[in-house]
Structure formats: C-alpha cells, structure tokens
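Numbering (the numbering used here), first residue to last: 35 to 286.
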C-alpha cells in the first residue's frame, strides 16, 4: 500500500478543512405528509453538497404559527400554498424563492387488507366506529378529506365518527394502531415504489377536493444561509423529483 507523503497528508487535511468550512446546516420545517421522502432527500442532499439539513416534522398550520412567532427555521416545506403565500405577503420570506415542490394525493386507507375497496363503498355503509382525519384547520390533507366526504354526500352521517389528529402523522397513527378502522391520510405515508405497503386503500380522485399543491419557501431567517438556497435548488433536480414521485406525488 502506497503511503502518503507529508505534503500529501497536509493537502488532504487542508481539503477536508476547506470542505467543512464551506458546508453549512439548514433548519427545515417539513409538513408531516412529506416525512418519508424528505428523509431520503436530505440524505442524498448531504452526499451531493456536503450541507446538512436538520429536519423538523409537523402540521403546516402549527409551523406557520411557530415561524410567525420567531422560530429559527431557514426553509419551510408546507403541505399547501396558502401559508407560504401568507408568509410571503407578510415579508417573512426571501423574495422569489417560493415554488411548488409536489402535488399531494389523498387516500382512504385501512391497515386491514380488503377492508377498503377501490370505490370506497365502506364510506357509504358506515360499517365502522372511527374514521381518522387530520385537523382541517391545521393540515391541508384534513381539509381535503372534509371536501371529499361532502362531495360524496356522506359527511353528515360520518361526522360523529371522525377522530382528528393534529397532523396527518397522527391521523395515520390512529389507523396504524387500530384506534380507527380507517382514515384519510397522505398517499406518501402508505405508498412506495408503485404500491401500497400494507392494508387496503382507495386513492381519492383529484376532482373531489381542491388540489393539494405543496409549496416551499426560503424564510427570512435563511436569507444568508448558503445551504438553504442549495436545498431549494436541489429539490428542483431530477434525482430529487425521482424520489418524490416514488412516494406517489405528482411533480412538474
């Protein structure tokens, strides 16, 4: 094995130090529905750029409140367009940085195989005790669930059976643990590589609810953070889009 010379060792150390100096960390608020793809993207982003993304997951509504109250996030990946737009109008973002990173899909899902058919007849029979949704005030997927039930004409009969989670993650956990027989969740939570990971589900046709266009934006706190800009740019690359699509989202 060839040994490095003293000069070679010095050069290697210098390169490592320069890489460390150039690398930054970006604090990212991420809508709960985007948890799985964002974890993969963050890992790939770090490998590609050297920058590290520190991720926090939760409801878009709760993040909006935290950001307006001074939470030190650099980038916000929302589950809707409304909150990033509002932050933009309130001068809380870097001008021109907002973009749509994905369009989400809603799915009626049960952890039981064969429980939900491909036409969601179970919603009309009402043969269950609990139906989980995310809070429609805090989570766009919850609002889409309400719109879907109203479009199908079943909201009034199902309203007494609804159990609400603060975020789409909590709604998913209600169904996963059996505390609700079924629920409206994000397709990305139960879908990977072109199929459901478990249970049974009905992908809600987009015509039944307002499109779930999800926007990201660089926040004022991240205006001088190179890693914040690098992360937003990375989300627009094909490798990132491939990951996003693999979890069932639509991407332009």
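Where a beta carbon is used, it is the ideal one built from N, C-alpha and C, also for glycine.
Asked: Put residue 171 into one of helix, strand or coil per three-state DSSP.; Found: coil
Asked: Determine whether the beta carbon atoms of residue 236 and residue 152 lie at a separation below 7 Å.; Found: yes
Asked: On the three-state DSSP scale, how would you describe residue 77?; Found: helix
Asked: Note down the Cα distance separating residue 89 from residue 216, rounded to an integer number of angstroms.; Found: 29 Å
Asked: With residue 178 and residue 140 assumed to form a contact (beta carbons below 8 Å), what rounded beta-carbon distance in angstroms separates them?; Found: 5 Å
Asked: Can you tell me where the alpha helix (DSSP H) holding residue 100 begins and where it ends?; Found: 94-102
Asked: Taking C-alpha atoms, which residue in 175, 270, 276 and 261 lies nearest to residue 57?; Found: 261
Asked: Rounded to whole angstroms, what is the Cα-Cα separation between residue 125 and residue 277?; Found: 31 Å
Asked: Is it a yes or a no for the segment 189-197 touching the segment 103-123, going by three-plus beta-carbon pairs under 8 Å?; Found: no
Asked: For residue 85, which residues in the same chain have their Cβ closer than 8 Å to its Cβ, ignoring the five residues on either side in sequence?; Found: 57, 58, 59, 60, 79, 260, 261, 264 and 265
Asked: Quick check on the DSSP output: the alpha helix (DSSP H) that includes residue 204 runs from which residue to which?; Found: 202-210
Asked: Going by the DSSP bridge assignment, what does residue 232 pair with across the sheet?; Found: BP columns for residue 232 are empty, so no partner.
Asked: Assuming contact is defined by CB atoms lying nearer than 7 Å, are residue 202 and residue 225 in contact in what I supplied?; Found: no
Asked: To which residues does DSSP link residue 134 through a beta bridge?; Found: 249
Asked: Looking at the structure shown, is residue 84 part of a helix, part of a strand, or coil, going by DSSP?; Found: coil
Asked: Just the Cα atoms here: how many angstroms apart are residue 52 and residue 99?; Found: Residue placement at residue 52 cannot be trusted, given a pLDDT of 39 that sits under 50; what the coordinates show is reported in the next sentence. Each residue's Cα considered, the two are about 38 Å apart.
Asked: With distances taken from CA atoms, which of 200, 155 and 167 is nearest residue 186?; Found: 155
Asked: Determine contact between the segment 236-253 and the segment 129-147, defined as no fewer than three beta-carbon pairs at a distance below 8 Å.; Found: yes
Asked: Rounded to whole angstroms, what is the Cα-Cα separation between residue 160 and residue 188?; Found: 9 Å
Asked: In the DSSP assignment, the beta strand (DSSP E) including residue 63 goes from what residue to what residue?; Found: 59-65
Asked: For the putative contact between residue 67 and residue 220, defined by C-beta atoms under 8 Å, what is the C-beta separation to the nearest angstrom?; Found: 4 Å
Asked: Please work out which residues of its chain come closer than 7 Å, Cβ to Cβ, to residue 150, disregarding the five sequence neighbours upstream and downstream, and give them in chain order.; Found: 142, 143, 144, 156, 216, 234, 235 and 236
Asked: Confirm, please, whether the CB-CB distance from residue 111 to residue 76 is below 7 Å.; Found: no
Asked: Which residue wins for smallest C-alpha separation from residue 69, given the options 93, 83 and 116?; Found: 93
Asked: Count the other CB atoms, across all protein chains shown, that sit within 10 Å of the CB of residue 106; report buried if there are 16 or more and exposed otherwise.; Found: exposed
Asked: From 104, 129, 146 and 130, pick the residue whose C-alpha is nearest to that of residue 212; which is it?; Found: 146
Asked: Does DSSP put residue 284 in a helix, a strand or coil?; Found: strand
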